[in-house]
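Colleague: Pasting a structure here, questions to come.
Residue numbers (this note's numbering): 163 to 277.
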């Protein structure tokens with residue numbers, strides 16, 4: 163790692179740094195260049211379980227703000243972006259288990275099928 167550690171960004175600790183490394187994001191400079199949405203998209207693609215607070219904290223951290231600083235409409239907008247990223251990820255995942263069986267017999271909503 164040649165850049166600044168991700169954990170040097172306010173409110174981002176070793177767990178976030180480790181998850182970012184698994185997603186190919188090695189340093190704070192790369193994380194900042196990608197932005198919160200793309201970083202979170204990559205984290206989800208590399209096994210991070212979706213959690214709104216993690217997404218929210220990432221946004222606040224990149225703005226240099228306290229982790230719980232957003233309120234009202236700003237927080238609602240972040241929630242909508244989070245939900246969109248999670249839905250995007252889910253739409254790209256293959257069906258498995260009971261969902262695969264239900265799809266085979268024609269009871270899965272076509273919008274849930276992978277593209």
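Cβ coordinates follow ideal geometry from the N, Cα and C atoms, glycine included. No experiment lies behind these values; they were computed from the predicted model shown.
What span of residues does the alpha helix (DSSP H) with residue 176 cover, start to end?
Modeller: Sequence index remark: in the chain shown, residue 176 carries index 14 (1-based). Residues 176–184.
Colleague: Quick one: Cα of residue 322 to Cα of residue 235, how far?
Modeller: Any answer about residue 322 is impossible in this case: the structure gives the chain only from 163 up to 277.
Colleague: Grab me the residues of residue 189's own chain with a C-beta within less than 8 Å of its C-beta, minus the 5 sequence neighbours each way, in chain order.
Modeller: The count along the chain shown starts at 1 and reaches residue 189 at position 27. Only 163, 164, 165, 166, 167, 168 meet the Cβ criterion.
Colleague: In the DSSP assignment, find the unbroken alpha helix (DSSP H) run with residue 201 in it and report its ends.
Modeller: As a first step, residue 201 is located in the chain shown; it is residue number 39 there, counting from the start. Residue 201 -> alpha helix (DSSP H) spans 190–207.
Colleague: Rounding to the nearest angstrom, what Cα-Cα distance links residue 173 and residue 191 in this structure?
Modeller: Taking the first residue of the chain shown as position 1, residue 173 is located at position 11. Taking the first residue of the chain shown as position 1, residue 191 is located at position 29. About 16 Å.
Colleague: Can you give the Cα-Cα distance for residue 181 and residue 217, rounded to whole angstroms?
Modeller: Residue numbering aside, residue 181 sits at position 19 when the chain shown is read from its first letter. Residue numbering aside, residue 217 sits at position 55 when the chain shown is read from its first letter. Residue 181 and residue 217: Cα-Cα distance of roughly 13 Å.
Colleague: Indicate the three-state DSSP secondary structure (helix, strand or coil) for residue 234 in the structure shown.
Modeller: If you number the chain shown from 1, residue 234 lands on position 72. Here residue 234 sits in helix by DSSP.
Colleague: Can you tell me whether residue 213 is helix, strand or coil according to DSSP?
Modeller: For the purposes of this step, residue 213 is identified with residue 51 of the chain shown, where counting begins at 1. If DSSP states are grouped into helix, strand and coil, residue 213 belongs with coil.
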